[in-house]
Amino acid sequence: MSHESDQAILEIYNRTQFMVRDEGGRDIYFTVGDTEYPDVIEKKQFAIITAWNPMNGKLPVEENKGRNNELEAVLKEQNLHYYPSIGICGDHSEESFTVENISKDDAVSLGKRFGQHAIVYCDEEGLRFLFDGEH
16 MSHESDQAIL
26 EIYNRTQFMV
36 RDEGGRDIYF
46 TVGDTEYPDV
56 IEKKQFAIIT
66 AWNPMNGKLP
76 VEENKGRNNE
86 LEAVLKEQNL
96 HYYPSIGICG
106 DHSEESFTVE
116 NISKDDAVSL
126 GKRFGQHAIV
136 YCDEEGLRFL
146 FDGEH
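Numbering (my numbering) for the sequence shown: 16 to 150.
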């Protein structure tokens, strides 16, 4: 991918709203491009991972839902603490999962397994995107 297309994708990612839940189970929305984050973000270690639209390609909704069902089966099999989430940018949305207390390596591995160009990750180093191939 060219640098220009990477930059365009990053701009879209930075405008995308993601969701985590606070300790009371309330949905908290944020964008990675924000300059300030809700307090709950700084207190959690999590990844937001989807199986939709691998490598930013467009698949039919039913195929994306099937892929996300496969991802959920893997999350269950690995006994990870997760819940349904979503990424929203304008009129486009993708179903995903917020996976709490997952290591960076495990999160990156899941992203790669499901063909994702990037995942959202938060730990003591902060909130950021991890791109395919990053560790």
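Glycine residues also receive a C-beta, built at the ideal position from the N, C-alpha and C atoms.
Everything numeric in this text was worked out from a predicted model, so none of it was measured.
Tell whether a beta-carbon distance below 8 Å holds between GLY126 and ILE134.
yes
Quick one: what does DSSP say GLU110 is sitting in, helix, strand or coil?
strand
Mind checking THR50: buried by the 16 CB within 10 Å criterion, or exposed?
exposed
CB contact flag (ARG143, TYR98, <8 Å)
no
Of the residues CYS137, ASP121 and CYS104, which one's Cα is nearest the Cα of THR26?
Note on identity: in this sequence residue 26 is Glu, with Thr being the wrong assignment. Measuring from the Cα of GLU26, the nearest candidate turns out to be CYS104.
Whole-angstrom distance between ASN79 and LEU90, CA atom to CA atom
16 Å
Can you pull the DSSP bridge partners for SER100?
SER111
Taking the straight line between their C-alpha atoms, what separation do you get for PRO53 and VAL76?
31 Å
For HIS96 and GLU85, what's the separation of their Cα atoms in angstroms?
16 Å
Since ARG36 sits in a beta bridge, which residues does DSSP pair it with?
ASP42
Backbone CA spacing between PHE146 and ASP121 [nearest angstrom]:
14 Å
Assuming ASN29 and VAL47 are in contact, meaning their beta carbons sit under 8 Å apart, how far apart are those beta carbons, in whole angstroms?
6 Å
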